[in-house]
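Protein chains in written order, with the working numbering: chain X, 294 to 659; chain L, 294 to 659.
Glycine included, every Cβ here is placed at the ideal spot set by N, Cα and C.
Computed from a predicted model, the values in this text were never measured in an experiment.
Beneath this line is the structure, given in structure tokens, with notes to follow.
Now the structure itself:
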């Protein structure tokens with residue numbers, strides 16, 4: 294791995310000083326900001342995440358805030374998911390598509406009220422798309438990136454830790470719901486959500502100034518729970534089939550190809566940009582789709598697209614892969630053409646270190 | 294410096310294998326892609342750039358292509374620079390602003406023809422803004438990111454090297470003009486431009502497949518010129534006052550604050566988004582502006598905003614800084630309020646390693 298050159302353009306977060314003190318070893322960048330990727334080692338971080346509780350600096354999940362009378366209309370323009378039944382206090386995973394049905398982002402939307410929404414984004418400047426649409430349609434809405442930095446608490450002991458800091462009522466927050474909880478006199482949105490399959494919460498830290506006090510409070514309270522600094526884990530998220538925008542899907546892909554058809558109500562999502570383009574794929578189904586893939590042998594770091602081949606025919610590609618300690622195989626996420634996407638299909642995957650045998654799986658590992 | 298974790302999301306370029314073979318030591322990320330930052334050392338790279346010729350992988354300068362009858366109208370919507378006099382074959386530096394006059398990007402636009410433009414972008418997903426506007430205004434235009442990866446040839450011997458590969462006629466290309474030149478049967482746009490003050494060219498490599506052959510041809514031809522792999526240099530660009538979007542300016546800033554008022558014709562750029570917002574600042578002038586700043590003593594890496602102080606009053610900030618071998622000082626780029634922006638003004642700059650004495654300069658060093 295090469296070094297990353299620091300600059301202001303790769304923004305630090307309200308938690309960066311604590312992340313450094315915790316011994317961060319590597320970063321990626323995400324929404325023009327630093328995202329930790331390794332503390333002890335990817336494998337050690339993985340085992341700890343599955344057994345204890347971790348605090349994650351996920352400030353890179355920037356918010357696009359919509360405020361004003363046209364907020365709900367704009368929000369429905371952005372996604373083929375039908376938002377009519379969504380209530381304040383709910384989180385929805387919302388594929389965002391362009392006019393051709395190509396994925397622009399796969400954020401979680403939070404409905405604060407009818408005229409106030411947060412879109413907690415993956416790695417693309419979704420703000421630009423939303424602002425462009427709002428301007429072009431002359432909507433009465435303010436679109437901005439507020440000073441909000443999510444901090445995730447993930448792992449089997451996450452609820453125990455959160456109770457110690459925010460009180461027992463945190464346990465009443467259901468999956469993909471959020472409530473308002475007080476910390477040092479400020480009311481923060483806390484959702485039961487997060488980019489792992491181990492359970493936990495995301496705290497929407499409103500104001501950079503309370504980032505370090507909140508981090509410190511969680512570590513002070515979590516001493517007996519073996520709390521550690523962590524980060525989205527490259528093994529655990531592939532085992533669990535958690536997709537990564539920019540890795541496993543891009544603007545080239547429809548939500549249906551990404552296996553996100555269940556979040557699309559193309560018929561009823563009136564006003565959604567890209568609806569016309571998606572109607573046909575919604576009806577016929579996609580010709581390629583995300584699949585879990587196991588790979589045999591030793592594999593290098595997956596830093597590029599790995600073609601999936603049958604002889605000289607390309608039938609798909611792998612875009613994320615990691616050696617899984619718990620499942621004794623290399624777990625991977627691939628996009629496979631329908632001719633070869635049935636579980637059990639044997640393929641060859643071409644890594645930068647040479648070809649490896651791969652098998653389409655029927656489900657993700659977790 | 295920490296390590297950068299490789300993933301497909303941090304895209305490799307058509308030149309990455311050659312960059313690795315040349316011994317790249319560090320990267321930054323830029324438009325979701327890897328941009329080399331160091332080969333031998335920042336200082337050694339700096340001296341070589343100023344004396345010889347370097348080949349730079351600047352594929353991160355992605356193109357936003359506009360095609361179709363409404364291309365010119367859309368292009369003028371994007372920038373307060375008056376484009377009426379622009380001819381095919383010209384490059385224009387074009388500040389791009391949102392409806393509030395805040396900078397979204399500071400690209401170079403290339404006019405290929407009346408209905409075909411490339412926008413060679415700095416680090417933000419400008420594509421999303423352009424697509425949003427085009428959709429909202431129902432413009433008859435295709436907006437996309439083509440498979441074009443710029444390769445820069447920079448340094449005092451750049452023209453000599455380019456002649457060896459593309460023929461003597463390359464010398465006739467004037468600054469910020471481009472022509473079409475053949476390489477292996479393909480016609481490529483080559484402009485006299487680049488992100489250094491040492492002179493040179495940018496080759497718009499059209500098609501990833503010819504990236505390595507072109508790289509190899511340049512190195513083969515340049516053996517006697519001491520050609521090396523290089524990259525935008527963190528010292529040289531600050532000496533020369535070359536701004537960096539995301540570092541020295543953000544959406545918080547108007548072009549006038551960035552010293553780019555000379556590229557804005559707010560009165561005549563009819564149809565430009567943000568025109569209303571900029572009319573007043575164009576008339577009154579900004580209250581803060583980019584200034585060259587020298588800093589005394591040893592300084593750390595500038596990885597965050599450094600406040601510029603007079604006593605307890607904040608009067609600006611430094612956003613890029615480096616120790617200059619040629620000018621025997623630390624050169625820096627700052628944004629300073631008008632009360633303190635006169636050349637010779639003494640300020641204190643607060644780095645993460647403590648305060649340092651700083652002085653506003655009357656001009657950049659190169």
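Residue i and residue j closer than 9 angstroms at C-beta
i, j, result
"residue 474 of chain L", "residue 485 of chain L", "no"
"residue 392 of chain L", "residue 428 of chain X", "yes"
"residue 374 of chain X", "residue 562 of chain X", "yes"
"residue 623 of chain X", "residue 341 of chain X", "no"
"residue 565 of chain L", "residue 379 of chain L", "no"
"residue 478 of chain X", "residue 448 of chain X", "no"
"residue 359 of chain X", "residue 434 of chain X", "yes"
"residue 659 of chain L", "residue 495 of chain L", "no"
"residue 295 of chain L", "residue 318 of chain X", "yes"
"residue 407 of chain L", "residue 352 of chain L", "no"
"residue 468 of chain L", "residue 348 of chain L", "no"
"residue 552 of chain X", "residue 649 of chain X", "no"
"residue 303 of chain L", "residue 321 of chain X", "yes"
"residue 657 of chain L", "residue 523 of chain L", "no"
Identity of the residues DSSP links to residue i by a beta bridge
i, result
"residue 600 of chain X", "X:610"
"residue 643 of chain L", "L:648"
"residue 653 of chain X", "X:586"
"residue 576 of chain L", "Residue 576 of chain L is not bridged to any residue."
"residue 499 of chain L", "L:441"
"residue 659 of chain X", "Answer is none; residue 659 of chain X lacks a bridge partner."
"residue 385 of chain X", "X:402"
"residue 413 of chain X", "X:356, X:401"
"residue 485 of chain L", "L:468"
"residue 329 of chain X", "X:320"
Close beta carbons around residue i, own chain, < 6 angstroms, minus the five adjacent residues each side
i, result
"residue 651 of chain L", "586, 588, 640, 642"
"residue 355 of chain X", "324, 414, 438"
"residue 441 of chain L", "356, 497, 499"
"residue 394 of chain X", "547, 567, 570, 571"
"residue 308 of chain L", "350, 504, 508"
"residue 460 of chain X", "none"
"residue 338 of chain X", "332, 523, 526"
Short CB-CB distance (under 9 angstroms) between residue i and chain X
i, result
"residue 434 of chain L", "no"
"residue 523 of chain L", "no"
"residue 351 of chain L", "no"
"residue 566 of chain L", "yes"
"residue 381 of chain L", "no"
"residue 454 of chain L", "no"
"residue 417 of chain L", "yes"
9 angstroms Cβ cutoff, residue i in contact with chain L
i, result
"residue 332 of chain X", "no"
"residue 628 of chain X", "no"
"residue 296 of chain X", "yes"
"residue 440 of chain X", "no"
"residue 504 of chain X", "no"
"residue 639 of chain X", "no"
"residue 508 of chain X", "no"
"residue 427 of chain X", "yes"
"residue 422 of chain X", "yes"
"residue 489 of chain X", "no"
"residue 585 of chain X", "no"
"residue 301 of chain X", "yes"
Beta-carbon proximity list for residue i, same chain, < 8 angstroms, skipping 5 on both sides
i, result
"residue 633 of chain L", "601, 603, 608, 609, 640, 653"
"residue 593 of chain L", "644, 645, 646"
"residue 544 of chain X", "391, 395, 396, 397"
"residue 382 of chain X", "404, 470, 471, 472"
Residues of its chain near residue i, where Cβ-Cβ distance is below 7 angstroms and the 5 sequence neighbours each way are ignored
i, result
"residue 456 of chain L", "463, 464"
"residue 599 of chain L", "610, 611, 642, 643, 644"
"residue 630 of chain L", "580, 581, 608, 609"
"residue 568 of chain X", "373, 559, 562"
"residue 398 of chain L", "389, 414, 415, 417, 419, 538"
"residue 501 of chain X", "307, 440, 442"
Cutoff 9 angstroms: residue i Cβ touching any chain A Cβ
i, result
"residue 430 of chain X", "Here chain A cannot be found, since the structure's protein chains are X and L."
Using a Cβ-Cβ cutoff of 9 angstroms, what residues of the segment 303 to 327 of chain L are near chain X? List them in chain order.
303, 304, 305, 309, 313, 317, 318, 319, 320, 321, 322, 323, 325, 327
Near-chain L residues of the segment 588 to 621 of chain X - C-beta to any C-beta below 8 angstroms:
594, 595, 596, 597, 598, 612, 613
Taking a Cβ distance cut-off of 8 angstroms, strictly less, list which residues of the segment 384 to 405 of chain L are near chain X, in chain order.
391, 392, 397
Could you list the residues in the segment 339 to 372 of chain L with a C-beta less than 8 angstroms from some C-beta on chain X, going in chain order?
none
Return the residues of the segment 523 to 546 of chain X that lie within a Cβ-Cβ distance of less than 7 angstroms from chain L, sorted by chain order.
537, 539, 540
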